[in-house]
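Step one of this worksheet: look at the structure below.
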Amino acid sequence: MDVQARLAELAKLPPSARPVVSVYLNTRWTDEDQRERVRIFLKNHLREARAAAERPAEEDLAWIEAEGQRIIGQVEFTDASGVALVAGGERLREVLPVRAAFEDTFVVDSTPYLRPLAGVAQEIVPALVVFVDGVSARIVALTPAGPGEEVTLEGEVPGRHSTGGWAALAQSKYQRHIDMHRDQHFEATVAAVAALVDRHGVRRIVIAGEVRTVAVFRQHLPDPLARRVVGVVAGARHESSTVIATRGAEYLARLDEQEDAAAVDRMLDAAAKGGRAVAGLDATLEAVNRNAVQHLYLARAFKRPGAVCERCGALQPPMAGACRFCGAETRVTELGEAMSSRVLATGGGVSVVNRHSGLDGQDGVGALLRYMAEVA
Ligand SMILES: [Zn+2]
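First residue of the sequence shown? That's 11 in our numbering, and the numbers climb one at a time after it.
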């Protein structure tokens, strides 16, 4: 499943007369209390939705309830860290498991609520976590939905037995024999990694294992694979693949956060110099309205009331009535969600950024543009 492509399709849906229910659940629970909190969250919000004046269709809520309970019961998607559910009529029924965790969220609106998904879609490109020690290897594919295909390799390296009274020569021969077998094991592991990289279009590799073993293993990686290695995490033979894969996924999530912060720095710098970027709400709204945004950066806390024109579609600050561009009627919208949807629908990307003081100083929003900003 291509989350990015599905996201763009959902963003293109016109506002529906029938309320659309969007639910995000964090399924990375480590104990029963956390699972119970998610269960109560869903129950309370379903009850509120059923009592609300603008009530979603009962069949939509019933579907959300059934899917939610199945997920919380962990019958499905046990490896995913988060699940998005969207329901709004017969043709709109989405279940999107992803390996990034969400905050629990329940939104009823005229369009799908996409920001949490937009915030993670960039991050869930295919990756591999490779655990390797001197005699075995486990390679786990991290798909958008969580840990996927796993390959286990068991080498036939002789153990490092006590050598008793062997002569120094015997000892060195024995050591060479072990080293040779270890090299063969590493070569075989490299071949398996290369095959998985091809099959899954893997762009990033995290290696897990003991520091010295990993260092030797990395010397066996040919350049195209070595360039994809983005980090090393701890890993031990007795640990389960799920534990190691989760550690690798968390490493990637932290890396994404750092990369986002660096990208925001570059974006703000370009905006300040009048390059291919804008910062601040007014300039970003203007760029979104021109469909000029290649990538939108939005602070996680960003939330602004605004208006969208019923005729020309322009997004704008809250209007008392008429569109400031064409004079037609407007309806109320939340600008963060509206800008995200518009950018996704026109093929752009969206990053939701945690704490960045530079971005916060620019209303919490900015964008890279497809071309130079027009001089006003
Ligand atoms: Zn208008």
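Ideal placement from N, C-alpha and C gives every residue a C-beta, glycine not left out.
*How about the region 246-258 and the region 140-149: do they share at least three Cβ pairs that are nearer than 8 Å?*
Yes: the two stretches touch, three or more of their Cβ pairs being nearer than 8 Å.
*Leaving out five residues before and five after Phe227 in sequence, what residues of the same chain have Cβ atoms less than 6 Å from its Cβ?*
Val142 and Phe196
*Near Ser172, which residues of its chain fall below 7 Å by C-beta distance, leaving aside the five closest residues on each side in sequence?*
A caution first: Ser172 carries a pLDDT of 49, below 50, which makes its placement in the model unreliable, though a value can still be read off. The answer is none, since no qualifying residue turns up.
*Can you list, in chain order, the residues of its chain whose CB lies under 8 Å from that of Asp370, leaving out five sequence neighbours each side?*
Ala309
*When every heavy atom of ligand 1 is checked, does at least one fall within less than 6 Å of the C-beta of Arg352?*
no
*In whole angstroms, what separates the C-alpha of Asp193 from that of Leu354?*
47 Å
*Unbroken alpha helix (DSSP H) run spanning Pro126, endpoints*: Here the alpha helix (DSSP H) through Pro126 covers Arg125 to Ala131.
*Give, in chain order, every unbroken run of the beta strand (DSSP E) that is at least 3 residues long and sits entirely within the region 218-299.*
239-243 and 287-289
*Nonlocal neighbours in the same chain, by C-beta distance under 7 Å from Ile116, ignoring five residues either side*: For clarity, residue 116 is Phe in the given sequence; the question names Ile instead. Counting only Cβ-Cβ distances below 7 Å, and skipping sequence neighbours, we find Val33 and His55.
_I need the straight-line Cα distance from Asp12 to Gly129, nearest angstrom please._
15 Å
*By how many angstroms is the C-alpha of Asp373 removed from the C-alpha of Phe312?*
Distance between the alpha carbons of Phe312 and Asp373: 8 Å.
_Residue list, Cβ distance to ligand 1 heavy atoms smaller than 6 Å_ = For ligand 1, residues qualifying as neighbours are Cys319, Arg321, Cys322, Ala324, Cys333, Phe335, Cys336 and Ala338, where qualification means a beta carbon closer than 6 Å to at least one of its heavy atoms (chain order).
*Counting only the same chain and skipping the five closest in sequence on each side, list residues whose C-beta sits under 6 Å from that of Arg49.*
Ile82
*Per DSSP, Thr199 is paired with what?*
Looking at the DSSP assignment, Thr199 forms no beta bridge with any residue, so it has no partner.
_Less than 7 Å between the beta carbons of Ala281 and His366, yes or no?_
no
*Selection from Arg28, Glu19 and Arg38 that minimises the alpha carbon distance to Thr256*: Arg38
*asked:* Per DSSP, what are the beta-bridge partners of Asn36 in this structure?
replied: Gly92
*Kindly identify the DSSP beta-bridge partner or partners of Tyr381.*
Looking at the DSSP assignment, Tyr381 forms no beta bridge with any residue, so it has no partner.
*Boundaries (first-last residue) of the alpha helix (DSSP H) holding Glu46*: Glu42 to Ala61
*Backbone CA spacing between Ser361 and Leu127 [nearest angstrom]*: 10 Å
*Measure the Cβ-Cβ separation of Ala324 and Asn301 and say whether it is below 7 Å.*
no
*Ends of the alpha helix (DSSP H) at Gln387?*
Not covered by the structure: residue 387. The range shown for the chain is 11 to 386.
*Closer than 6 Å by C-beta to Gly99: which residues in its own chain qualify, once you throw out the five before and the five after it? Chain order, please.*
Arg28
*Kindly identify the DSSP beta-bridge partner or partners of Val13.*
The partner list for Val13 (beta bridge, DSSP) is empty, contrary to what the question assumes.
*Does the distance from the CB of Tyr261 to the CB of Gly241 come in under 7 Å?*
yes
_As assigned by DSSP and simplified to three states, the class of His366_ = In the structure shown, His366 falls within a coil segment according to DSSP collapsed to helix, strand and coil.
_If I measure Cβ to Cβ from Cys336 and keep anything under 6 Å in the same chain, skipping five residues before and after, which residues do I get?_
These residues qualify, in order along the chain: Arg321 and Cys322.
*asked:* Please tell me whether Gly346 and Pro328 are closer than 7 Å, where the distance is taken between their beta carbons.
replied: With a cutoff of 7 Å on beta-carbon distance, Gly346 and Pro328 are scored as not near each other.
*Using 10 angstroms around the beta-carbon of Gly92, count the other beta-carbons present and answer buried if the total reaches 16, otherwise exposed.*
buried
_Every unbroken alpha helix (DSSP H) inside the region 292-361 [4 residues or more]_ = 345-355
*So, is Met277 buried or exposed, given that buried needs 16 or more other C-beta atoms within 10 angstroms?*
buried
*Note down the Cα distance separating Ala63 from Ser26, rounded to an integer number of angstroms.*
17 Å
*How would you label Arg125, buried or exposed, when you count the other beta carbons within 10 angstroms and need 16 or more for buried?*
buried
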